[in-house]
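According to our numbering, the stretch in the sequence shown is residues 294 to 1148, in order.
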Amino acid sequence: MSSDLHYLEGVMDDNMLAVRVQVDPELQGPAVDWALDLLRSRSGADVRVEVGESEADEPSLVLQQNDQGTQGYSYARAGAGLQIRATDVVGASYALVGLADELEIVGELSRAFESLDGVVSSTTMPVRGIMRSFSSVDEDHPWFTSTDFWTEYLDWIAQARFSRFHLALGMQYNYGADRHGATDNYLCFAYPFLLDVPGWDVVAEGVSAEERETNLRMLQFIGKETKRRGMDFQLGLWNHAYDYGRNSVHRFPITGLTPETHADYCAAAISELLRVCPEIDGFSFRVHYEGGIPDEGHEKFWDPVFEALSRSGKPLQVDMHAKGVDDALLDAVNKPGLHPVLGAKYWAEHQGLPYHQAAIRRREEAKPVPPGRELTSITEFARRFTRYGYADFLGSDRRADLIFRVWPGTQKLLLWGDPEHAAGYGRLSTFGGALGVDICEPLFFKGRKGSGAPGRRDPYIDPELKLGLQDWTKYAYTYRIWGRKLYNPDAPRREWEGYLHQTYGEHGDTVERTLAPLSRILPLVTVVHGVGGSNNGNWPEVYTNLPVTEGAYAGHHGTDTEAPPMWGTVSPFDPQTFYIINEWADDVIAGRLDGRYTPLEVADWIQRFVDEAADGVAKLSAVEQPSAQLRRTAIDAEVLLRLGKFFAAKFRSAADYALWQRSGDRDLLARAYDQLRFACDVWTEIGDLVEGVYQANLRFGPERSEHGGWSDRRPGVEADVDAMWAELRNASNDAAGTFSAAVPSRPAQAGLGHTPPSDFTRAQPVPLEVSAGEGVVGVVLSYRHVNQAEDWQSVQMQRADGGFRAEIPGDYSDSSYSLMYSFTVEQEGGAVTRHPGFDEALANQPYYVITAPVD
């Protein structure tokens, strides 16, 4: 034992640590080789690999194939060494990376072996994707063609345990929806930028044969390097329009195609692409009109494309963006070798809380198709409810699997890192039997729609903070938290502790504690203040002001919210769980609150997150001679803290303003004004904080909510303050003080206990029972199929055995869908609350889901 231990600690003639690794032939593969290289670089050891059993001395490290669950592994001491059992090559690579992580913390292999003994891990989520978009030839071509960039970047996301890398091409434009057509169309209609398709004379003007060959060579490199690290390579071909119309002035016009030859060329081109880049495991397509193919008759285009994929003989995942998908498309993709998957938006085009919306906004419901709207007939009308959620795609008789996609509307720039919310996504991204989730990475869409410029990809202007092609490294913690918690929601903090201490030194724990509550603020604001579903028109991180007052100019926000456009009329993205502010005010006045979460509760949650982070923000900002990364983190934390203060004040101001409109109590208007004035002041502080740090005009597109910065948003905030001051000056004082203290609060506990049934039998009643504490006078059961095209049903529960009982009728359970339900609890004194409700971090699912066994 002592000699082996000595050997592990590196006592050799040449003073180099040597590690003998014995690898089961079943676990031999490129991903294990890559992970062993990582272990070499982290440990500085001479790692010697033997495949199969050996008569030599006992190895230091043994890799043995054994079923440990999906991509799973376990560690066990074996004498002085360590035995790794892994299900497959990927699981073995994860175990080796985990060993390298532990080595980073404890410093010696023998100590790492000891601390890992008994650790077991696996995943229940097969698809854990990270997405990167090529959005600008000026800003993105440098990283696209850099092998050094790809080597470092793919190393890190593989270490984070993402299972696939999705390179998105053509996602930055929305055919038929962009007002100005397209200019920077590089790699949008990707084929002629990559291929000379035999038998076709289709070219992208301005792109030489040499440049085209370079692009293809890089795509091949990306695919090979992705696969070498144990990840799937998903290629997103989000656009198939070769001409964007609307008087587009394309920088790289596509020639050689007509509408009649379009589909046949695409079929030939994708066949050729698969031939020369066999590392592609699947394609993601935007199949509704924004991808360049009109809704009416879209299957006529897609059928030959899918047929070409099927003829390749290669098993392929065909991920169709779920928006606008109908039976005709599902018929078209039903071909040998193809695995159809629908990519549904998790929270519209944003990042929300980890749970899935219990209802969609009313404006997303299906509508009759008016004459002359063939381009958008399915997406905007007949199946409008597919735009921003999982729609009706989660029945047990589904014809395609489903994944979720977290779009980049909420937060593109500032650092994000919350283990609790990432774990929530890890638990809930398989909701309804979904396969998992794609995450749009930070800086997504930078420079999109022609807004980019050479040298502007890096958002920093402070030379000490610039990162160039390594801009992704600012977000290394974000990638690590997402990847590890999607793989295993119960992953311990040791899996990122080493990175934090290596990067931030003694301040690593403070960074973790500070970023976590701050990272919950914007997702919460996004869910409750659903002012725009599109990432083009709603950017909460750099918020374009919507006024609290009714008379102030609402700007572009008027296009995707109710009239009149103001805070009080905005629907949450989940109106089943959260109140519209004006509806809440109506119910307060009428004394009939129904248990939905209120704007004042949301403001209190945001304030709690601000308070939890405030001390850490102050400590990080007070560090003397901080590293560049600590400065970046501290500045972002300061901004996020103030965004929290801003939005908490806006919610309070809007709530008081709505009550004033209904009660005439001038004290409420005065309080609303004070909150709005405070919001304006903290917004001004943000502009001062980032001056000289970030570009003044952060360009993620040409629209109002896609570019600019905090300072140029200030006039809109000030105009709202001025409008409310004018109303306050003219307000009657007759009703002052009559209502301002009468807003009821929610009790701390719902007073219910409930154990959901493990399943139910279709076409049979589903009995549900709750136990009730003192003070509970009534309970309402609300239920719905896991189908966002439907409305919720409610029934008053009856007292039974010290609690309450009700049942979901058998004719309702006779469905292919799972059932979701929650309880509204009426208490003595008129208070109303919901069960199960949210946890402290807002990271859980505030309703129950039960599923019938599949026959």
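All C-beta atoms in this analysis are idealised placements derived from N, C-alpha and C, irrespective of residue type, glycine included.
All figures in this text were calculated on a predicted structure; none of them were measured in a lab.
Work out the CA separation of His473 and Asp711 for me, nearest whole Å. Counting from 1 along the sequence shown, the entry for residue 711 is found at position 418. Counting from 1 along the sequence shown, the entry for residue 473 is found at position 180. Straight-line Cα distance between these residues: approximately 38 Å.
Bridge-paired residues (DSSP) for Ser1064: The count along the sequence shown starts at 1 and reaches residue 1064 at position 771. Bridge partners of Ser1064: Gly1046 and Gly1096.
Give the single residue among Arg539, Thr870, Arg313 and Arg370 whose Cα lies nearest to the Cα of Ser1075. For this step, residue 1075 is matched to residue 782 along the sequence shown. Out of Arg539, Thr870, Arg313 and Arg370, Thr870 has the C-alpha closest to the C-alpha of Ser1075.
Quick check: the Cα distance between Arg692 and Leu623, rounded to an integer number of angstroms? Position 399 of the sequence shown, counted from the first residue, corresponds to residue 692. Position 330 of the sequence shown, counted from the first residue, corresponds to residue 623. Whole-angstrom Cα-Cα distance: 7 Å.
Is it buried or exposed, Asp477, if we count other Cβ atoms within 10 angstroms and call 16 or more buried? To locate residue 477, count along the sequence shown from 1; it is residue 184. The residue in question, Asp477, is buried, as its Cβ has 16 or more Cβ neighbours within 10 Å.
In angstroms, rounded to a whole number, what distance separates the CA positions of Glu343 and Gly365? As a first step, residue 343 must be located in the sequence shown, where it is residue number 50. As a first step, residue 365 must be located in the sequence shown, where it is residue number 72. Those two C-alpha atoms are separated by around 22 Å.
Leaving out five residues on either side along the sequence, give the residues of the same chain with a beta carbon under 8 Å from the beta carbon of Val730. One-based indexing of the sequence shown puts residue 730 at position 437. If we look at Val730 and ignore the five residues flanking it on each side, its Cβ neighbours are Met418, Val420, Arg421, Gly422, Tyr639, Ile696, Phe697, Arg698, Val699, Tyr718, Ser722 and Leu779.
Give me whichever residues DSSP pairs with Gly374 in a beta bridge. For the purposes of this step, residue 374 is taken as the residue at position 81 of the sequence shown. The partner list for Gly374 (beta bridge, DSSP) reads Ala371.
In angstroms with no decimal places, state the Cα-to-Cα distance between Arg901 and Glu504. Here residue 901 is taken as the residue at index 608 of the sequence shown, counted from 1. Here residue 504 is taken as the residue at index 211 of the sequence shown, counted from 1. Their Cα atoms are separated by approximately 53 Å.
Hey, which unbroken runs of the alpha helix (DSSP H) at 4 residues or more fall wholly within the stretch 878-924? 892-914
What three-state label does DSSP hand Glu302 in the structure shown? Numbered from 1 along the sequence shown, position 9 holds the residue referred to as residue 302. Unreliable positioning characterises Glu302 in this predicted model, as indicated by a pLDDT of 35, which lies under 50. The coordinate reading is nonetheless provided below. Three-state DSSP puts Glu302 in coil, outside helix and strand.
Opposing strand residues paired with Gly577 [DSSP bridges]: Here residue 577 refers to the residue found at position 284 of the sequence shown. Residue identity differs from the one stated: residue 577 is Ser in this sequence, not Gly. Bridge partners of Ser577: Gly529 and Asp612.
Kindly list the residues whose CB is nearer than 7 Å to the CB of Ala1136, restricted to its own chain and excluding five residues on each side of it in sequence; keep chain order. Along the sequence shown, one-based indexing puts residue 1136 at 843. Hits under 7 Å: Pro647, Glu713, His714, Ala716 and Gly717.
Same chain only: Cβ atoms within 8 Å of Glu968, ignoring 5 sequence neighbours per side: Here residue 968 refers to the residue found at position 675 of the sequence shown. Here residue 968 turns out to be Gln, not Glu, going by the sequence shown. So the qualifying residues of the chain are Ala942, Lys943, Arg945, Ser946 and Asp949.
Using a Cβ-Cβ cut-off of 7 Å (strictly less than) and excluding sequence neighbours within five positions of Val542, which residues of its own chain qualify? As a first step, residue 542 must be located in the sequence shown, where it is residue number 249. Thr476, listed in sequence order.
Run through the stretch 620-694 for me and flag every whole beta strand (DSSP E) of 3 or more residues, listed as ranges in chain order. 631-638
Whose C-beta lies closer than 6 Å to the C-beta of His434 among residues of the same chain, with five residues either side of it excluded? On the sequence shown, position 141 is the one that residue 434 refers to. Hits under 6 Å: none found.
I need the DSSP call for Ile732, collapsed to helix, strand or coil. Reading the sequence shown from its first residue, position 439 is the one you call residue 732. The answer is strand: DSSP assigns Ile732 an E or B state.
How many Å lie between Asp307 and Arg924 at the Cα? The count along the sequence shown starts at 1 and reaches residue 307 at position 14. The count along the sequence shown starts at 1 and reaches residue 924 at position 631. Here the model assigns Asp307 a pLDDT of 43, short of 50, so the residue's position is not dependable and the matter cannot be decided.
Whole angstroms is fine: what's the gap from Ala1043's alpha carbon to Thr1117's? Counting from one through the sequence shown, the residue named residue 1043 turns up at place 750. Counting from one through the sequence shown, the residue named residue 1117 turns up at place 824. If you take the alpha carbons of Ala1043 and Thr1117, they lie about 9 Å apart.
Kindly indicate which residue of Arg741, Arg1006, Gln1089 and Leu707 has the alpha-carbon position closest to the one of Leu808. For the purposes of this step, residue 808 is taken as the residue at position 515 of the sequence shown. Here the closest residue by C-alpha is Leu707.
Can you confirm whether the stretch 865-880 touches the stretch 770-778 when touching is taken to mean that 3 or more C-beta pairs between the two stretches lie within less than 8 Å? Taking 8 Å as the limit for Cβ pairs, the verdict is that the stretch 865-880 does not touch the stretch 770-778.
Residues bridged to Ala379 [DSSP beta-bridge criterion]: Reading the sequence shown from its first residue, position 86 is the one you call residue 379. BP columns for Ala379 point to Gln358 and Tyr366.
Close beta carbons around Ile979, own chain, < 6 Å, minus the five adjacent residues each side: Indexing the sequence shown from 1 puts residue 979 at position 686. Correct list, in chain order: Val932, Arg935 and Trp1003.
Just tell me which of Gly391, Val1063, Tyr558 and His581 has its CA closest to the CA of Gly791. If you number the sequence shown from 1, residue 791 lands on position 498. Answer by Cα proximity: Gly391.
Per the DSSP calculation, Ser1075 is bridged to which residue(s)? By one-based count along the sequence shown, residue 1075 stands at place 782. DSSP lists Ser1087 and Ser1115 as partners of Ser1075.
Pick helix, strand or coil for Gln795, following the three-state DSSP scheme. Residue mapping note: residue 795 aligns to position 502 of the sequence shown, counting from 1. Gln795 falls in the helix class under three-state DSSP.
Contact set for Gly516: own chain, Cβ-Cβ below 7 Å, skip 5 residues either direction: Here residue 516 corresponds to residue number 223 of the sequence shown, with the count starting at 1. A distance below 7 Å between beta-carbons, with the five flanking residues on each side excluded, links Gly516 to the following residues of its chain, in chain order: Phe526, Cys570, Glu572 and Ile573.
Does DSSP put Gln465 in a helix, a strand or coil? On the sequence shown, residue 465 is found 172 positions in, with the first residue counted as 1. Looking at Gln465 - three-state DSSP - the assignment turns out to be coil, as it is neither helix nor strand.
Distance, Cα to Cα, Ser334 vs Lys739? Within the sequence shown, the letter at position 41 stands for residue 334. Within the sequence shown, the letter at position 446 stands for residue 739. One C-alpha to the other measures close to 33 Å.
Through-space distance from Arg813 to Ala1134, alpha-carbon basis: Counted from its first residue, the sequence shown places residue 1134 at position 841. Counted from its first residue, the sequence shown places residue 813 at position 520. Taking the straight line joining both Cα atoms gives about 8 Å.
Span of the alpha helix (DSSP H) holding Thr444? Counting from one through the sequence shown, the residue named residue 444 turns up at place 151. Note, Thr444: alpha helix (DSSP H), Thr440 to Gln452.
Reduced DSSP secondary structure (H/G/I, E/B, other) of Arg813: In the sequence shown, residue 813 corresponds to position 520, counting from 1. Arg813 falls in the coil class under three-state DSSP.
Work out the CA separation of Pro857 and Leu758 for me, nearest whole Å. To locate residue 758, count along the sequence shown from 1; it is residue 465. To locate residue 857, count along the sequence shown from 1; it is residue 564. Near 43 Å, if we compare the C-alpha coordinates of Pro857 and Leu758.
On the DSSP letters alone, give me the boundaries of the alpha helix (DSSP H) that Asp981 sits inside. As a position in the sequence shown, residue 981 is number 688, starting the count at 1. Run containing Asp981: Arg959 to Val983, per the alpha helix (DSSP H) assignment.
Contact between the stretch 664-671 and the stretch 1061-1069: three or more CB pairs below 8 Å? No, they do not touch.
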